[in-house]
Amino acid sequence: MLTSWLQPTLEQWWHLHQQQRLHHALLVAGPAGIGKAALIQALAHRLLCQSANAPCGQCKSCHLFLAGHHPDFLQLTVENSIGVDAVREIAVFFQQSAQQGGVKLVSVPQAHKMTEAASNALLKTLEEPGNGCFLLLQTDHPQRLLPTILSRCQQWSIAAPSLPEAKQFLRLQTNENLPAELLTLSAGAPYLVYDWWRQGQVPLILDGLALLRDMLQHPAQITNKVTKLESLPLLPELIRFVLFERLAHAQQGLQFEAIERFDQWCRDCALILGQNKSIALAALMYDLAKFTR
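Residue numbers (our numbering): 18 to 310.
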């Protein structure tokens with residue numbers, strides 16, 4: 018079952034499809050972790066189902082899709098970038114007849130990672146997709162896409178869910194009442210929090226927040242505890258979260274200095290190696306404790 022904040026968009030798409038007005042190139046934009054991929058999967062499942070009562074979950078097409086082996090659905094795997102070869106793969110896929118006699122779909126996550134050459138190569142497919150072919154693009158950063166891509170897609174903006182909706186989603190998925198601060202840390206992205214939970218990171222994140230708060234409250238303990246910080250997941254995000262908590266009560270003149278100091282540490286992180294990482298992290302914590310006391 019799709020979540021409450023995504024279902025209305027899916028129903029709109031399905032209504033358009035039944036009227037044969039669903040655009041062949043959808044660009045789904047919105048913050049990371051709010052369920053764009055789940056929404057695309059739900060649409061693909063409906064479009065590929067062979068039953069009038071889609072998605073039936075019983076037909077051959079549904080079985081293939083749910084098993085992750087549907088021959089008429091191509092899901093691009095994206096790492097650092099999307100190159101020309103991937104776009105050519107899409108073009109070749111669309112040129113072939115649908116093996117199940119229905120539509121053909123391509124899902125492109127993180128479409129903003131397309132190189133300029135790949136974007137230009139995609140234009141022909143966007144202009145001449147072929148009958149029954151749908152290109153489903155997702156992005157967290159639509160502003161990074163070329164104007165020529167944006168102008169040829171129908172854009173749909175997906176907003177983050179309300180806090181009650183996000184809490185209900187996490188409760189249903191985890192059967193737990195996770196702390197609300199996890200949603201604040203994720204900028205209201207429940208799918209991101211769910212990923213943390215599935216990966217077993219939630220206890221580490223909560224312990225990390227407690228440790229950071231304790232260190233900033235008691236700077237004398239920083240040297241002894243700094244090595245514990247280095248093994249934490251999402252360390253920059255955790256430090257930023259606790260920093261802004263404390264800045265709410267800090268002197269106004271020191272707030273800017275604290276943020277600048279944190280940003281400098283973030284910029285330098287990739288350049289600092291070995292034992293110097295611990296030294297730099299301890300120095301950061303001492304400075305933040307001073308700025309936010």
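No residue lacks a Cβ here, since even glycine has one placed at the ideal position from N, Cα and C.
{"Query": "Please confirm whether residue 146 and residue 117 have their CB atoms less than 9 Å apart.", "Result": "no"}
{"Query": "Between residue 374 and residue 34, what straight-line distance do the alpha-carbon atoms span, to the nearest angstrom?", "Result": "The structure shown does not extend to residue 374, since the chain spans only 18 to 310, so no value can be given for it."}
{"Query": "Residue 282 lies in the alpha helix (DSSP H); which residues open and close that run?", "Result": "269–285"}
{"Query": "Check the C-beta distance from residue 154 over to residue 170 and give it rounded, since I have them as a contact under 8 Å.", "Result": "6 Å"}
{"Query": "Taking Cβ positions, are residue 156 and residue 65 nearer each other than 9 Å?", "Result": "no"}
{"Query": "Please name the residue, chosen from 93, 276, 26, that lies closest to residue 127 on a Cα-to-Cα basis.", "Result": "93"}
{"Query": "For residue 138, name the three-state secondary structure that DSSP assigns.", "Result": "helix"}
{"Query": "Roughly how far, in whole angstroms, is the beta-carbon of residue 195 from the beta-carbon of residue 210, given that I think they are within contact range, below 8 Å?", "Result": "7 Å"}
{"Query": "Take residue 178 as the anchor and find which of 29, 47, 41, 37 has the nearest alpha-carbon.", "Result": "47"}
{"Query": "Can you tell me whether residue 207 is buried or exposed, with buried defined as 16 or more other CB within 10 angstroms of its CB?", "Result": "buried"}
{"Query": "For residue 110, which residues of its own chain have a beta-carbon under 6 Å away from its beta-carbon, when the five flanking residues on both sides are left out?", "Result": "91"}
{"Query": "Alpha carbon to alpha carbon, how far is residue 41 from residue 123?", "Result": "11 Å"}
{"Query": "Is the beta carbon of residue 132 less than 9 Å from the beta carbon of residue 98?", "Result": "yes"}
{"Query": "Out of 246, 300, 199, 287, which has the shortest C-alpha to C-alpha gap to residue 258?", "Result": "199"}
{"Query": "Which of the three DSSP states, helix, strand or coil, is assigned to residue 206?", "Result": "coil"}
{"Query": "Specify the secondary structure class of residue 292 as computed by DSSP and reduced to three states.", "Result": "helix"}
{"Query": "Mapping DSSP to helix, strand and coil, what is residue 92?", "Result": "strand"}
{"Query": "Can you give the beta carbon distance from residue 308 to residue 265, rounded, assuming they're within the 8 Å contact cut?", "Result": "That belief does not hold up - the Cβ atoms of residue 308 and residue 265 are roughly 13 Å apart, past 8 Å."}
{"Query": "Quick check on the burial criterion: 16 or more other C-beta atoms within 10 angstroms. Buried or exposed for residue 273?", "Result": "exposed"}
{"Query": "Would residue 142 count as contacting chain C if we go by Cβ distances under 9 Å?", "Result": "No chain C is part of this structure, which consists of one protein chain only."}
{"Query": "Does DSSP put residue 265 in a helix, in a strand, or in coil?", "Result": "coil"}
{"Query": "Is residue 162 helix, strand or coil when you go by DSSP?", "Result": "coil"}
{"Query": "Just to confirm the assignment, what range does the alpha helix (DSSP H) spanning residue 156 have?", "Result": "No alpha helix (DSSP H) holds residue 156; the beta strand (DSSP E) holding it covers 150–156."}
{"Query": "Who pairs with residue 173 in a beta bridge, going by DSSP?", "Result": "45"}
{"Query": "Can you tell me whether residue 125 is helix, strand or coil according to DSSP?", "Result": "strand"}
{"Query": "Need the endpoints of the alpha helix (DSSP H) that residue 247 sits in, please.", "Result": "239–247"}
{"Query": "Should the region 213–233 be called in touch with the region 247–258, which here means at least 3 C-beta pairs below 8 Å?", "Result": "yes"}
{"Query": "Give the secondary structure of residue 99 by DSSP, where H, G and I count as helix, E and B as strand, and everything else as coil.", "Result": "strand"}
{"Query": "Kindly list the residues whose CB is nearer than 6 Å to the CB of residue 297, restricted to its own chain and excluding five residues on each side of it in sequence; keep chain order.", "Result": "289"}
{"Query": "Distance check for residue 51 and residue 228, CA to CA, integer angstroms please.", "Result": "28 Å"}
{"Query": "In three-state DSSP terms, what is residue 131?", "Result": "strand"}
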